[in-house]
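The sequence shown begins at 265 in our numbering and counts up by one.
Yeah, the Cβ is synthetic: ideal placement off N, Cα and C, and Gly gets one too.
Since we're looking at a predicted model, the values are computed, not measured.
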Amino acid sequence: MTVITRFAPSPTGFLHVGGARTALFNWLFANHHKAYGEGGEFLLRIEDTDRNRSTKKAVDAIFDGLSWLGLNWDHDVIFQVSRVDRHLEAIEQLLTSGHAYRCYCSPEELAEMREQARAQGLPMMYNGKWRDRDPADAPAGVAPTIRLRSSKEGITKITDHVQGEISVKNETLDDMILLRSDGTPTYMLAVVVDDHDMAVTHVIRGDDHLTNAFRQTQLFEALGWNIPVFAHIPLIHAADGSKLSKRHGALGVEAYRDMGFLPDAICNYLLRLGWSHGDDEIISRDQAIEWFSLNTINKSAARFDVEKLTSINSEYIQSGDTEILAKLIMPLLQTSLKGRVSEYATERLNTGLASIKYRSKNLIELAEKSVFYAKNSPIDVDDKARKILTEDTLSRLRDILKGFADITDWQKDILDCWLNTYIENADIKMGEVAQPLRAALTGTTASPGITEVLSVLGKHESIRRLEDVTRV
Ligand code: GLU
């Protein structure tokens, strides 16, 4: 069987970490079946029927966020609002089969039912006034709602792949509205019709939708359709167990992108947030696709821990391929240089990042620490570095520059050897040459070891930078 999953966000805000995790689990489950089963598809449906709250900006944020995380979807995106005719058709089918009926209760009557329930401390239950009434009694000029004629006896049971078997007594579920009096279908109806038409086999979503699953099951049954497998994942809480809010890191994924997190690190962290494979912490995307199953989703709420995410991010940076890292920081470097990075400079970056990556927790730091490789001479020299370039140190650099001109094999070990001999002959400490060299070559006072910098920059660029500062 081909597994078909879907991510069905309402475009009312950014793609936050909870939504991203739901998308990731659906993506992994579909891709697992694509690679190891009989097939899998991951579909994207934008639930934009609430026209007042849905925005284009939020839709774009969902597309951008998913694309940045590498959670590509199959087929065209489905916009729920475009399917209203089909939703109405399903309601018509329910009316014809007797599974739905028109309700002419006035807003005042409903308010009274709500008030009575409130006084008894009970949830609002529609009293079924129009369930068995002759439609001929309908008051003139009142636009009805259409409600599901749900069973009042027995139970509705769902077998949830995370939560197990759960049932509710049908008497606790009132006849829900399928069509509002303004003629718009409700969310509950639209979800069921769309999941059916999209042939969704597995509904994986946050457990805040668990109670909806009962009503949706009744609706699937009334329409005579197959019920998908449900897997309701526990929500993400803050580290202190409270509801996750912005303050705790429930930001949009683009905020993490802007803070220099790697998409793979975010996905790895979100995967571990609610799913496990033994004690494995660092799990590559390929391993995740291979290992992912619904059975190993945790039953208890996960806790969001920014520190853990940060540490996973550093691990991804440290083990990252330098050419890939260079590509990821390229936009940051271009912004900082206000221009493009030359081919030579890109080569220097590819080599230089091999050590700088071990000193960076995120891509912002990586870009800041390596920007001196991305520049071409002349480079900017910051104030601290400029203070180091005094008359004395500049004359020292002039002297070194002469010696450098004769080095033909510009290798780190040869440069080490040369500098050691130089300080021995001059009877000075390494710091006395390393700091001025660093200031001239990197424009800063902190960098990798100076002979590493010299070898990565290459002879030509190193000499040009030294000439720039020593020129009188
Ligand atoms: N649109 C719903 C939400 O954003 C999800 C509905 C579903 O997954 O069934 O919470």
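Ordered along the chain, which non-local residues of its own chain (more than five positions away) have a Cβ less than 6 Å from that of residue i?
i, result
"residue 308", "271, 337, 341"
"residue 565", "498, 499, 501"
"residue 388", "378, 381"
"residue 496", "424, 426, 427, 471, 474"
"residue 274", "311"
"residue 449", "351, 443"
"residue 569", "503"
"residue 469", "286"
"residue 510", "none"
Within 10 Å of its beta-carbon, does residue i have 16 or more other beta-carbons around it, so buried, or fewer, so exposed?
i, result
"residue 655", "exposed"
"residue 385", "exposed"
"residue 694", "exposed"
"residue 711", "buried"
"residue 403", "exposed"
"residue 304", "buried"
"residue 280", "buried"
"residue 505", "exposed"
"residue 407", "exposed"
"residue 692", "exposed"
"residue 690", "exposed"
"residue 585", "exposed"
"residue 284", "buried"
"residue 466", "buried"
"residue 454", "buried"
"residue 559", "exposed"
"residue 326", "buried"
"residue 282", "buried"
"residue 245", "Here the chain comprises residues numbered 265 to 736, so residue 245 is not present and cannot be evaluated."
"residue 295", "buried"
"residue 360", "exposed"
"residue 219", "The structure shown does not extend to residue 219, since the chain is modelled only from 265 through 736, so no value can be given for it."
"residue 266", "exposed"
Can you name, in chain order, every residue of its own chain whose Cβ lies under 7 Å from the Cβ of residue i, other than the five neighbours on each side?
i, result
"residue 646", "707, 708"
"residue 610", "590"
"residue 486", "358, 363, 412"
"residue 678", "671"
"residue 732", "641, 642"
Suppose the cutoff is 8 Å on Cβ atoms and the five residues either side in sequence are ignored; what does the same chain contact list for residue i look like?
i, result
"residue 675", "719"
"residue 276", "314, 317, 318, 319, 322"
"residue 725", "608, 612, 640, 641"
"residue 462", "268, 270, 307, 309, 342"
"residue 299", "553, 554"
"residue 393", "367, 369, 373"
"residue 598", "604, 605"
Hey, residue i and residue j: beta-carbon distance below 9 Å or not?
i, j, result
"residue 577", "residue 507", "no"
"residue 631", "residue 659", "no"
"residue 638", "residue 703", "no"
"residue 345", "residue 324", "no"
"residue 665", "residue 727", "yes"
"residue 620", "residue 634", "yes"
"residue 657", "residue 696", "yes"
"residue 333", "residue 595", "no"
"residue 557", "residue 306", "no"
"residue 516", "residue 301", "no"
"residue 662", "residue 574", "no"
"residue 261", "residue 354", "The structure shown does not extend to residue 261, since the chain spans only 265 to 736, so no value can be given for it."
"residue 628", "residue 699", "no"
"residue 723", "residue 668", "yes"
"residue 730", "residue 717", "no"
"residue 410", "residue 494", "no"
"residue 483", "residue 452", "yes"
"residue 561", "residue 538", "yes"
"residue 435", "residue 278", "no"
Compute every distance between the C-beta of residue i and the non-hydrogen atoms of the ligand FMN, then say whether any falls below 8 Å.
i, result
"residue 273", "Among the ligands present in this structure, namely the ligand GLU, the ligand FMN is not found."
With three or more beta-carbon pairs closer than 8 Å as the criterion, would you say the segment 269 to 288 touches the segment 534 to 552? yes
Is the segment 407 to 421 touching the segment 439 to 455 in the sense that three or more CB pairs, one from each, lie closer than 8 Å? yes
Validate contact between the segment 619 to 636 and the segment 679 to 692 using beta carbons, cut 8 Å, 3 pairs: no
Say whether the segment 522 to 541 touches the segment 578 to 595, bearing in mind that this needs 3 or more beta-carbon pairs closer than 8 Å, one atom from each stretch. yes
Report yes or no: do three or more beta-carbon pairs, one from the segment 393 to 401 and one from the segment 366 to 381, lie closer than 8 Å? yes
Pair every Cβ in the segment 372 to 383 with every Cβ in the segment 475 to 484, then say whether three or more of these pairs are closer than 8 Å. no
Determine contact between the segment 612 to 622 and the segment 583 to 593, defined as no fewer than three beta-carbon pairs at a distance below 8 Å. yes
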